[in-house]
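Colleague:
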Amino acid sequence: MALGNHAKHLGRAPGSLAWFYFSAPSPDDGMPTKFIFVTGGVVSSLGKGIVASALGSILEGRGLKVQNMKLDPYLNVDPGTMSPFQHGEVFVTDDGAETDLDLGHYERFTQARLSRANNTTTGQVYSAVIAKERKGEYLGKTVQVVPHVTNEIKERIKAVARRDLDVAIVEVGGTIGDIESLPFLEAIRQMRTDLGREHCAYVHLTLVPYMKSAGELKTKPTQHSVKELLGIGIQPDVIVCRTEHPFFPDTKAKIALFCNVDEKAVIENRDLDTIYAMPLWLREQGLDELLCRRLALRTRPSNLAPWERVVHTVRRPASSVDIAVVGKYTEVRDAYKSVSEALTHGGIANGVHTEIRWIEASDLEKGGAAAARALNGIHGILVPGGFGHRGIEGKIEAIRWARERRKPYFGVCLGMQTMAIEFARHALGLKGANSTEFDPQTPHPIISMLEEQKNVRSLGGTMRLGAYPCRLAKGTRGAAAYGEKVIFERHRHRYEFNNEYRDAFARAGMVFSGLSPDASLVEMMEVKDHPWMLGVQFHPEFRSKPTQAHPLFKAFIRAAMSRGR
Ligand code: GLN
Numbered sequence: 000m001a002l003g004n005h006a007k008h009l010g011r012a013p014g015s016l017a018w019f020y021f022s023a024p025s026p027d028d029g030m031p032t033k034f035i036f037v038t039g040g041v042v043s044s045l046g047k048g049i050v051a052s053a054l055g056s057i058l059e060g061r062g063l064k065v066q067n068m069k070l071d072p073y074l075n076v077d078p079g080t081m082s083p084f085q086h087g088e089v090f091v092t093d094d095g096a097e098t099d100l101d102l103g104h105y106e107r108f109t110q111a112r113l114s115r116a117n118n119t120t121t122g123q124v125y126s127a128v129i130a131k132e133r134k135g136e137y138l139g140k141t142v143q144v145v146p147h148v149t150n151e152i153k154e155r156i157k158a159v160a161r162r163d164l165d166v167a168i169v170e171v172g173g174t175i176g177d178i179e180s181l182p183f184l185e186a187i188r189q190m191r192t193d194l195g196r197e198h199c200a201y202v203h204l205t206l207v208p209y210m211k212s213a214g215e216l217k218t219k220p221t222q223h224s225v226k227e228l229l230g231i232g233i234q235p236d237v238i239v240c241r242t243e244h245p246f247f248p249d250t251k252a253k254i255a256l257f258c259n260v261d262e263k264a265v266i267e268n269r270d271l272d273t274i275y276a277m278p279l280w281l282r283e284q285g286l287d288e289l290l291c292r293r294l295a296l297r298t299r300p301s302n303l304a305p306w307e308r309v310v311h312t313v314r315r316p317a318s319s320v321d322i323a324v325v326g327k328y329t330e331v332r333d334a335y336k337s338v339s340e341a342l343t344h345g346g347i348a349n350g351v352h353t354e355i356r357w358i359e360a361s362d363l364e365k366g367g368a369a370a371a372r373a374l375n376g377i378h379g380i381l382v383p384g385g386f387g388h389r390g391i392e393g394k395i396e397a398i399r400w401a402r403e404r405r406k407p408y409f410g411v412c413l414g415m416q417t418m419a420i421e422f423a424r425h426a427l428g429l430k431g432a433n434s435t436e437f438d439p440q441t442p443h444p445i446i447s448m449l450e451e452q453k454n455v456r457s458l459g460g461t462m463r464l465g466a467y468p469c470r471l472a473k474g475t476r477g478a479a480a481y482g483e484k485v486i487f488e489r490h491r492h493r494y495e496f497n498n499e500y501r502d503a504f505a506r507a508g509m510v511f512s513g514l515s516p517d518a519s520l521v522e523m524m525e526v527k528d529h530p531w532m533l534g535v536q537f538h539p540e541f542r543s544k545p546t547q548a549h550p551l552f553k554a555f556i557r558a559a560m561s562r563g564r
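Under numbering that gives the first Met the number 0, the first residue of the sequence shown is numbered 0, with each subsequent residue one higher.
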């Protein structure tokens, strides 16, 4: 199959300082992109993102070039300003877009490097339409949801496909029946008319609940959801049914009959012991075969060997390591999705299971004894990214514990900043040392605002965002982990290490192992006299995959394994 020219170029995003890799648009290779639209019905949280991602990995396993895309029906331009309690993690792409956490799943399950084009929100669509209206681009016309908003949505979907993809998997957020998602559904319905039947397939996810008292699986909610979809004009080609209980022999036939699909097109999506088994499970159910036939894609069967290896390790780990994640949003696990994933990947790369102990930072604020109790028996500590004052002192307690007891520590973004504050206070004796984010009057502003941030007033999309180069110093733990001199990692922050303290820190045993190429920004630091204590200003978790663990997470888990309890 002609996969076109996939040359990678290093470039700069328009209007941004972020460096990023992008696929250069290439002339049409004669194989127009096929679209698979994924919708959800009955309830939210069905794992649509995982199914869409796993489908991506199976199709990649067939040698196809695939990208996932998410359409989010909310009015925010992006999730960057939403609370993690509301929205979970904000995933950052190489080109500096703040996106939905499903993009994290897409990148973890496929080889694609996504960009801001892969996440479109209602807010973006309306902003673009209104901006065009003000410029006079619709002159003379009444601007309406159909066709102007739907055209804008279709343009955005096609823009992703223009990167010479074989298949674009487009997930529509929300649940069928929501008012908000109607323009998106209308747009994807029109696409079949625009492009033809062989170019668009529709996959609908539903819930098939099990009634224990009756001992029955109920298909009625699925029937209703499909009816709703049909009312919009979309006949699903495949129905993927989330179920806690294995299907009975007649379940598929019943759904097929009432929902107008082939029995083979009813896929049982059982709860699995690990989400990494999803590509294998869906392939076993024939999902990719069915879709490829439907879309006239002729390829070899899917090779999922890397996923088979991952699942094998997850199911038979040699041992287990306990890692404490000391954070502020620990009751919403989705808030730290990429971090917990990356820790798991680090375990897989070392053949072990990573057990995460979630610790609410403010619970550690009662002093050293509270920290020692909560952290007892832990092999390593990670402090993830975060914003605002709450919980900072608790994080500093945990870091002090790790440094003094020589336990492996990994600080990510805010976790590096708090590592620096702890070092200033307790290794250098700088009383009251802090970040100006938490104490603007601190006598020792170890962390202060980035110069470029000082005049920034609005909050949306204005941080230092996206991938930047970082030069690693020879002979450091960072350089050993990567085995490279220059790395590219993604950022999302407003504050940085204050260079006035570099000399004092270096004299006290802090090594600045990663700097921006002009040496003006500290991107990575590590404590010399410690088995493994390292902080990074960037977010390595965004680049980790189950099949390719991030080098720093791999090294951290290895250090934790060898440190005992
Ligand atoms: N609040 C800190 C800053 O803005 C850290 C941000 C983060 O951890 N992502 O610099």
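For each residue, glycine too, the CB sits at the ideal point set by N, CA and C.
Does at least one heavy atom of the ligand GLN sit under 7 Å from the Cβ of Arg491?
Modeller: yes
Colleague: Going along the chain, which residues of its own chain have a beta-carbon closer than 7 Å to the beta-carbon of Thr120, five neighbours each way excluded?
Modeller: Asp71, Tyr73, Asn75, Val76, Asp77
Colleague: How far does the beta strand (DSSP E) with Pro468 in it reach, from first residue to last?
Modeller: 463-471
Colleague: Is the region 106-119 close to the region 55-71, with three or more CB pairs under 8 Å?
Modeller: As far as the Cβ criterion goes, the region 106-119 touches the region 55-71, which means the pair count is three or higher.
Colleague: Quick one: what does DSSP say Phe90 is sitting in, helix, strand or coil?
Modeller: When DSSP states are grouped into helix, strand and coil, Phe90 belongs to the strand group.
Colleague: Under 8 Å, with one C-beta from each stretch per pair, do the region 182-200 and the region 145-155 reach the 3-pair mark?
Modeller: yes
Colleague: Classify Arg489 as helix, strand or coil using the three-state DSSP reduction.
Modeller: strand
Colleague: Count Cβ pairs between the region 503-516 and the region 120-136 that sit closer than 8 Å; are there 3 or more?
Modeller: no
Colleague: Run through the DSSP bridge pairs and tell me what Thr120 is partnered with.
Modeller: Asp71
Colleague: Use the C-beta contact count for Asp27: other C-beta atoms within 10 angstroms, 16 or more gives buried, fewer gives exposed.
Modeller: Here Asp27 scores only 42 on pLDDT, less than 50, and its place in the model is too uncertain to base an answer on.
Colleague: Can you tell me where the beta strand (DSSP E) holding Trp357 begins and where it ends?
Modeller: 352-359
Colleague: Relative to the C-alpha of Lys69, which residue among Asn117, Asp321, Glu392 is closest?
Modeller: Asn117
Colleague: Roughly how far, in whole angstroms, is the beta-carbon of Asp333 from the beta-carbon of Arg356, given that I think they are within contact range, below 8 Å?
Modeller: Between the beta-carbon of Asp333 and that of Arg356 there is about 18 Å, and that puts the pair past the 8 Å contact cut.
Colleague: Report buried or exposed for Tyr209, applying the criterion of at least 16 other Cβ atoms within 10 angstroms of its Cβ.
Modeller: exposed
Colleague: According to DSSP, what are the bridge partners of Ala200?
Modeller: Ile35
Colleague: Could you please give the first and the last residue of the uninterrupted beta strand (DSSP E) stretch that includes Tyr408?
Modeller: 408-411
Colleague: Rounded C-beta distance between Thr574 and Ile446? I'm assuming under 8 Å.
Modeller: No statement about residue 574 is possible, as the shown extent of the chain runs from 0 to 564 and does not include it.
Colleague: At a threshold of 7 Å, does Leu381 count as lining the ligand GLN (C-beta to nearest heavy atom)?
Modeller: no
Colleague: Just to confirm the assignment: which complete alpha helix (DSSP H) runs, minimum length 4, are found wholly within the region 297-367?
Modeller: 304-314, 336-348
Colleague: Can you tell me which of the three DSSP states Arg188 falls into?
Modeller: helix
Colleague: Can you tell me which of the three DSSP states Asn150 falls into?
Modeller: helix
Colleague: Can you list, in chain order, the residues of its chain with a C-beta nearer than 6 Å to that of Pro439? Leave out the 5 residues immediately preceding and following it.
Modeller: none
Colleague: Assuming Trp280 contacts Leu271 under a Cβ cut-off of 8 Å, what Cβ separation, rounded to an integer in Å, is found between them?
Modeller: 6 Å
Colleague: So, are the CB atoms of Gly350 and Pro305 less than 8 Å apart?
Modeller: no
Colleague: Among Pro83, Gln85, Arg115, Ser82, which residue has its Cα nearest to the Cα of Thr98?
Modeller: Nearest neighbour of Thr98 by Cα position, chosen from Pro83, Gln85, Arg115, Ser82, turns out to be Arg115.
Colleague: Applying the 10 Å Cβ sphere with the 16-neighbour rule, what's the burial state of Arg372?
Modeller: exposed
Colleague: Give the straight-line distance between the Cα atoms of Gly414 and Gly393, rounded to the nearest whole angstrom.
Modeller: Cα-Cα distance, rounded: 12 Å.
Colleague: Looking only at its chain, what residues have a beta carbon closer than 6 Å to the beta carbon of Tyr201, apart from the 5 residues adjacent to it on each side?
Modeller: Phe36, Ile233, Pro235, Asp236
Colleague: Taking C-alpha atoms, which residue in Thr441, Ile486, Gly172, Leu164 lies nearest to Leu551?
Modeller: Ile486
Colleague: Tell me where the alpha helix (DSSP H) around Pro550 begins and ends.
Modeller: Here the alpha helix (DSSP H) through Pro550 covers 550-561.
Colleague: Please indicate yes or no: does the CB of Gly385 lie closer than 7 Å to some heavy atom of the ligand GLN?
Modeller: yes
Colleague: By Cβ distance, which residues of its chain are closer than 8 Å to Glu154, with the 5 residues on each side in sequence left out?
Modeller: none
Colleague: Find out if the Cβ-Cβ distance for the pair Trp568, Leu381 is shorter than 8 Å.
Modeller: Because the chain here runs from 0 to 564, residue 568 falls outside it and cannot be looked at.
Colleague: With a CB to CB cut of under 6 Å and the five nearest residues on each side skipped, what residues in its chain are close to Glu396?
Modeller: So the qualifying residues of the chain are Leu363, Ala370.
Colleague: One question on the structure: do Glu267 and Thr242 come within less than 8 Å of each other, judged by their Cβ atoms?
Modeller: yes
Colleague: Excluding sequence positions up to five away, which residues of its chain have a Cβ less than 7 Å from the Cβ of Gly431?
Modeller: Thr441, Pro442, His443
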